[in-house]
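Numbering (our numbering) for the sequence shown: 2 to 204. Virtual Cβ for every residue (Gly too), placed ideally from N, Cα, C. Just so we're clear, the structure is a prediction, and the values are computed from it rather than from any experiment. These notes concern the structure reproduced below.
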Amino acid sequence: MNPLLLDPPETTETLRLVLRRYQPGDAPAYFAMLERNREHLRDFMPPAMESVHSPLDAELLIRQFMVEWQARNLFIFGIWEKESRQYVGEAYLANADWSIPCIELGYFIARDWTRRGFAVEAARALLALAFEHLRVVRVELQCAADNPASAQVAERCGFRLEGRHRNRARHKDGPLVDRLWYGLLREEWTKPSAAVVEGPSRT
Ligand SMILES: CC(C)(COP(=O)(O)OP(=O)(O)OC[C@H]1O[C@@H](n2cnc3c(N)ncnc32)[C@H](O)[C@@H]1OP(=O)(O)O)[C@@H](O)C(=O)NCCC(=O)NCCS
2 MNPLLLDPPE TTETLRLVLR RYQPGDAPAY FAMLERNREH LRDFMPPAME
52 SVHSPLDAEL LIRQFMVEWQ ARNLFIFGIW EKESRQYVGE AYLANADWSI
102 PCIELGYFIA RDWTRRGFAV EAARALLALA FEHLRVVRVE LQCAADNPAS
152 AQVAERCGFR LEGRHRNRAR HKDGPLVDRL WYGLLREEWT KPSAAVVEGP
202 SRT
């Protein structure tokens with residue numbers, strides 16, 4: 002599959018959230034979130050995010066995200082809560098192997114907005130996008146073994162634990178930690194009943 006021929010939607014909605022491709026002008030909200038969440042996101046931040054120290058840096062990063070999207074390397078979405086219109090986090094699909102095809106899912110939710118089911122809701126929306134629009138047969142997800150919140154998001158979304166790589170991540174303050182790998186196959190995925198518009202499942 003040639004990913005340049007793929008045109009996934011740039012906006013997708015759930016019951017409580019709007020997920021939208023970043024665009025110029027998103028930098029102030031992005032930078033404000035980052036300033037408030039450096040500790041919360043410390044072990045998750047890639048170097049490009051870590052090196053954002055001003056609104057201008059944030060604008061540059063967002064424009065880099067736009068370039069990566071254009072090249073079909075990174076489908077990255079900001080997440081806004083519908084009711085308050087606040088920027089609450091990020092979710093993305095990246096590291097595709099188009100010969101399979103498969104892709105990796107990642108996300109974060111700003112600390113003040115956690116524990117409301119937002120990560121699960123956003124992750125389910127991107128699973129629908131991956132299986133329906135990118136036509137992948139498999140989605141992968143990895144998290145540190147001492148990140149129960151992320152592991153729980155994976156399990157809530159139906160991922161299966163496929164492996165544990167020992168000493169495969171390092172916390173910013175030094176210690177090594179195992180990394181968990183999850184996978185979800187197209188045939189295991191449960192398509193949301195009303196497109197991707199749904200709330201958190203509490204079964
Ligand atoms: C991981 C993260 C995205 C979870 O976001 P969230 O919006 O709070 O998650 P949800 O509210 O959708 O919760 C999903 C499940 O995880 C559980 N959970 C959330 N935070 C938890 C915590 N700190 N410890 C244990 N379980 C937790 C919830 O109870 C829920 O399970 P349930 O449906 O069985 O009740 C968020 O904590 C975060 O951004 N952390 C920092 C960045 C990060 O770790 N990103 C992922 C890297 S792999």
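- Check the Cα spacing between TRP182 and each of VAL154, THR191, PHE119, PHE76: the tightest is with VAL154.
- Exposed is the label assigned to GLN71, since fewer than 16 other Cβ atoms lie within 10 Å of its Cβ.
- Between ligand 1 and the CB of TYR88, the shortest heavy atom gap is not smaller than 7 Å.
- The beta carbon of ASN148 sits closer than 7 Å to at least one heavy atom of ligand 1.
- Note that the C-beta distance between LEU130 and THR13 is below 8 Å.
- Within a 10 Å sphere around the beta-carbon of ASN3 sit fewer than 16 other beta-carbons, which makes this residue exposed.
- In the DSSP assignment, VAL121 falls within the alpha helix (DSSP H) that extends over 119-133.
- Every unbroken stretch of the beta strand (DSSP E) spanning 3 or more residues and falling wholly within the stretch 42-83 is given here in chain order: 75-82.
- Around the beta carbon of GLU40, a 10 Å sphere encloses fewer than 16 other beta carbons of the protein chains shown; the residue is thus reported as exposed.
- With a threshold of 16 other beta carbon atoms within 10 Å, ASN38 meets it and is buried.
- In this structure, ILE101 sits away from LEU135, with a CB-CB distance that is not shorter than 8 Å.
- A direct Cα-to-Cα measurement between GLU188 and ALA124 gives close to 17 Å.
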